[in-house]
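Taken in order, these protein sequences are the chains called A and B.
Counting in our numbering, the first sequence runs from 1 upward without gaps.
Counting in our numbering, the second sequence runs from 1 upward without gaps.
There are 2 protein chains.
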Amino acid sequence: MAEIIAQSQPSDWRALDPQQTLYLDLPAGRVVIELAPQFAPQAVANVKLLAQEHYYDGLWIERVQDNYVVQWGDPDGRKPLGSARHTLPAEFVVPSRDLPINALPDPDTYAPLVGFSEGFATGRDVTTARTWLLHCYGMVGLGRDNDVDSGNGAELYAVIGQAPRQLDRNITLIGRVVQGMELLSSLPRGTGALGFYEKPEQRTPIRQLRLAADLPPMQRTALDVMRTDTPAFNELVESRRNRREEWYKVPAGRIDICNIPIPVRPGKQAR
Amino acid sequence: MAEIIAQSQPSDWRALDPQQTLYLDLPAGRVVIELAPQFAPQAVANVKLLAQEHYYDGLWIERVQDNYVVQWGDPDGRKPLGSARHTLPAEFVVPSRDLPINALPDPDTYAPLVGFSEGFATGRDVTTARTWLLHCYGMVGLGRDNDVDSGNGAELYAVIGQAPRQLDRNITLIGRVVQGMELLSSLPRGTGALGFYEKPEQRTPIRQLRLAADLPPMQRTALDVMRTDTPAFNELVESRRNRREEWYKVPAGRIDICNIPIPVRPGKQAR
Numbered sequence: 001m002a003e004i005i006a007q008s009q010p011s012d013w014r015a016l017d018p019q020q021t022l023y024l025d026l027p028a029g030r031v032v033i034e035l036a037p038q039f040a041p042q043a044v045a046n047v048k049l050l051a052q053e054h055y056y057d058g059l060w061i062e063r064v065q066d067n068y069v070v071q072w073g074d075p076d077g078r079k080p081l082g083s084a085r086h087t088l089p090a091e092f093v094v095p096s097r098d099l100p101i102n103a104l105p106d107p108d109t110y111a112p113l114v115g116f117s118e119g120f121a122t123g124r125d126v127t128t129a130r131t132w133l134l135h136c137y138g139m140v141g142l143g144r145d146n147d148v149d150s151g152n153g154a155e156l157y158a159v160i161g162q163a164p165r166q167l168d169r170n171i172t173l174i175g176r177v178v179q180g181m182e183l184l185s186s187l188p189r190g191t192g193a194l195g196f197y198e199k200p201e202q203r204t205p206i207r208q209l210r211l212a213a214d215l216p217p218m219q220r221t222a223l224d225v226m227r228t229d230t231p232a233f234n235e236l237v238e239s240r241r242n243r244r245e246e247w248y249k250v251p252a253g254r255i256d257i258c259n260i261p262i263p264v265r266p267g268k269q270a271r
Numbered sequence: 001m002a003e004i005i006a007q008s009q010p011s012d013w014r015a016l017d018p019q020q021t022l023y024l025d026l027p028a029g030r031v032v033i034e035l036a037p038q039f040a041p042q043a044v045a046n047v048k049l050l051a052q053e054h055y056y057d058g059l060w061i062e063r064v065q066d067n068y069v070v071q072w073g074d075p076d077g078r079k080p081l082g083s084a085r086h087t088l089p090a091e092f093v094v095p096s097r098d099l100p101i102n103a104l105p106d107p108d109t110y111a112p113l114v115g116f117s118e119g120f121a122t123g124r125d126v127t128t129a130r131t132w133l134l135h136c137y138g139m140v141g142l143g144r145d146n147d148v149d150s151g152n153g154a155e156l157y158a159v160i161g162q163a164p165r166q167l168d169r170n171i172t173l174i175g176r177v178v179q180g181m182e183l184l185s186s187l188p189r190g191t192g193a194l195g196f197y198e199k200p201e202q203r204t205p206i207r208q209l210r211l212a213a214d215l216p217p218m219q220r221t222a223l224d225v226m227r228t229d230t231p232a233f234n235e236l237v238e239s240r241r242n243r244r245e246e247w248y249k250v251p252a253g254r255i256d257i258c259n260i261p262i263p264v265r266p267g268k269q270a271r
């Protein structure tokens, strides 16, 4: 993989768009989230509005359930949402048209077809012409209650374990952690039901959650992400399907889409 | 799932065998590991010997690589192995005969067939009549160098992220964490290559790693594990394949074997 990255061209990469990037700033550092407005336009817009009105600042990570999710927001559900909407239509699937897919050749347990679309791992059903984001490690979504329109961004979660693919098409995903995942995954697990912390002092405070574009350039984290629609990326996928390092004796010849890393590197501003 | 457990019979459970159970005692608490001698008899015997001669006591967790593995052992590789063997034949696969399998109906990306055998998630190839343990979350194996016989138990690892199934049939697995997984998964990630800690003081010390049978009964952790070859377990699997809780709107109708939890409860001694 290091070889493929070393031989890649500038055109194999894209810079994160500050208009579609969130920074979750914790005492231990920054978690960088790339938004996916192509897949959940209304949810992304609502979360951006909440961030722009500083809704999340001073709230907490309140839930860490082992091998499942980290969740943050307002544990008491009392903070006003400001200009943001309180309910949002479900954005669990989107029409496949206009969404090119770089399909994987390997079978998937859950979806008829999987592949990368616009930089994200997706599932697709050709018969219904629907596409959806997959709950891979690091994916970020909108917590909701039983009503499908009850997720509004006030509670967000990130996947920290084995991909909980049973959530696919049941809840709105809005993006993916591209840097700082370890700041979430290494948090102490909550001992209450569903991994909620039992005592307020166990929560991790959120310093701020902001849209990158709303911070001065000096405070941004410039990152490039490898494109998922290039020969270089296909080469990377192939190198992971069949590991050729000497250590491996039986290359799998297959790969689960959630096991494919999307490389990230410092962007221009930071280099 | 709570209902199925509540309605289960005593015969749906088995007590952990103290002769096949390891306790990894850390400052934060105990990690309980069930050994799988049916799948790796020589590796299990070597690790038990190392434990019985207190090889691991005073060593460290030296590596935590996000979304991959936690590894413990002797970072300097200098501690004598005592009576234990320095090399062991690869035990990556075993003959399928004598190993009943409770097969899953769902397709798996990596293995021709998957199912539970003797309480563990396994893959099987009917044409070669071979069966192997799967690298699901919480599985424990023997670190090795490039030579397949170089794993001897001096370095052990546990899976803490998306199942790295590319490791299947490439390295010897010896068991599974049945309790205390969160003590490993929430450790700070190492910032060196492959997630090794860069400074010795970042390591987590191992108080002791012992075979349950070698501790007085009062110091043991009595646990029952749900059997994986009963109608109750099949019911549990079905309830996870098709989630019927009101929250779920689109039951998956499928499941990845690594997403199936095997319930654990306090055993007789502890109740």
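Glycine included, each C-beta is placed from N, C-alpha and C at the ideal position.
CA-to-CA distance, residue j to residue i, given in whole angstroms
i: N259 (chain B); j: P200 (chain B); result: 35 Å
i: S96 (chain B); j: N234 (chain B); result: 21 Å
i: V64 (chain A); j: A129 (chain A); result: 35 Å
i: D25 (chain A); j: V31 (chain A); result: 6 Å
i: L142 (chain A); j: N152 (chain A); result: 7 Å
i: P80 (chain B); j: L167 (chain B); result: 28 Å
i: R144 (chain A); j: S150 (chain A); result: 5 Å
i: A154 (chain A); j: I171 (chain B); result: 44 Å
i: W13 (chain A); j: A163 (chain A); result: 26 Å
i: I33 (chain A); j: G180 (chain A); result: 9 Å
i: D224 (chain B); j: T21 (chain B); result: 12 Å
i: A193 (chain A); j: E62 (chain A); result: 12 Å
i: L209 (chain A); j: F196 (chain A); result: 21 Å
i: V47 (chain B); j: E245 (chain A); result: 27 Å
i: R240 (chain B); j: I160 (chain B); result: 21 Å
With 16 other Cβ atoms within 10 Å as the buried cut-off, status of residue i
i: K249 (chain A); result: exposed
i: V126 (chain B); result: exposed
i: A252 (chain A); result: buried
i: T221 (chain B); result: buried
i: M139 (chain B); result: buried
i: E91 (chain A); result: buried
i: A270 (chain A); result: Per-residue confidence for A270 (chain A) stands at a pLDDT of 49, beneath the threshold of 50, marking its modelled position as unreliable; the derived number appears in the next sentence. Exposed, by the Cβ-count rule.
i: A6 (chain A); result: exposed
i: H54 (chain B); result: exposed
Assigned secondary structure, residue i (DSSP; H/G/I helix, E/B strand, else coil)
i: R203 (chain B); result: coil
i: R244 (chain B); result: coil
i: N102 (chain A); result: strand
i: I174 (chain B); result: strand
i: A270 (chain B); result: Only weak support exists for where A270 (chain B) lies, its pLDDT of 49 falling under 50; the value from the coordinates is given anyway. Note: A270 (chain B) maps to helix in three-state DSSP.
i: I33 (chain A); result: strand
i: D76 (chain B); result: coil
i: V250 (chain B); result: coil
i: M181 (chain A); result: helix
i: D25 (chain A); result: strand
i: I255 (chain A); result: coil
i: L278 (chain B); result: The question about residue 278 (chain B) has no answer, for chain B in this structure spans 1 to 271.
i: A2 (chain B); result: helix
i: V47 (chain B); result: helix
i: E235 (chain A); result: helix
i: D12 (chain A); result: helix
i: G123 (chain A); result: strand
i: D66 (chain B); result: coil
i: Q208 (chain B); result: strand
i: Q19 (chain B); result: helix
Closest Cα partner of residue i within the set the options
i: A28 (chain A); options: A:R130, A:P205, A:I257; result: A:P205
i: I262 (chain B); options: B:S117, B:E246, B:R169; result: B:S117
i: A51 (chain B); options: B:E246, B:P89, B:Y23; result: B:Y23
i: T131 (chain B); options: B:N146, B:G161, B:T109, B:D98; result: B:D98
i: A40 (chain A); options: A:R189, A:L133, A:R243, A:T230; result: A:L133
i: L59 (chain B); options: B:W72, B:I4, B:Q19, B:L215; result: B:W72
i: P216 (chain B); options: B:Q19, B:A193, B:G77; result: B:Q19
i: Y137 (chain B); options: A:V47, A:Y68, A:L211; result: A:Y68
i: R227 (chain B); options: B:E3, B:P10, B:D76, B:A2; result: B:P10
i: N102 (chain A); options: A:R85, A:H86, A:A232; result: A:A232
i: I255 (chain A); options: B:Y110, B:L156, B:E3; result: B:Y110
i: P105 (chain B); options: B:M1, B:Y157, B:G123; result: B:G123
Distance cut-off 7 Å: residue i Cβ against heavy atoms of the ligand SAM
i: G180 (chain B); result: For the structure depicted, the ligand SAM is absent and the ligand set is empty, with no information on it obtainable.
Fill in: Members of the region 91-118 of chain B that neighbour chain A once the beta carbon cut-off is set at 8 Å
Here the close residues are F92, D106, P107, D108, T109, Y110.
Practice prompt. Name, going along the chain, the residues of the region 51-73 of chain B whose beta-carbon falls closer than 7 Å to a beta-carbon of chain A.
Written response: D66, N67
Item to complete: May I ask you to list, following chain order, the residues of the region 238-250 of chain B that have a beta carbon less than 7 Å from some beta carbon of chain A?
Response: R243, E246, W247, Y248, K249, V250
Worksheet item: Closer than 8 Å, Cβ to any Cβ of chain B: which residues of the region 163-192 of chain A, in chain order?
Response: Residues passing the 8 Å Cβ filter: A163, P164, R165, Q166, D168, R169, N170, M181, E182, S185, S186, L187, P188, R189.
Worksheet item: Going along the region 22-39 of chain B in order, which residues come within less than 8 Å of chain A, judged by CB to CB distance?
Response: none
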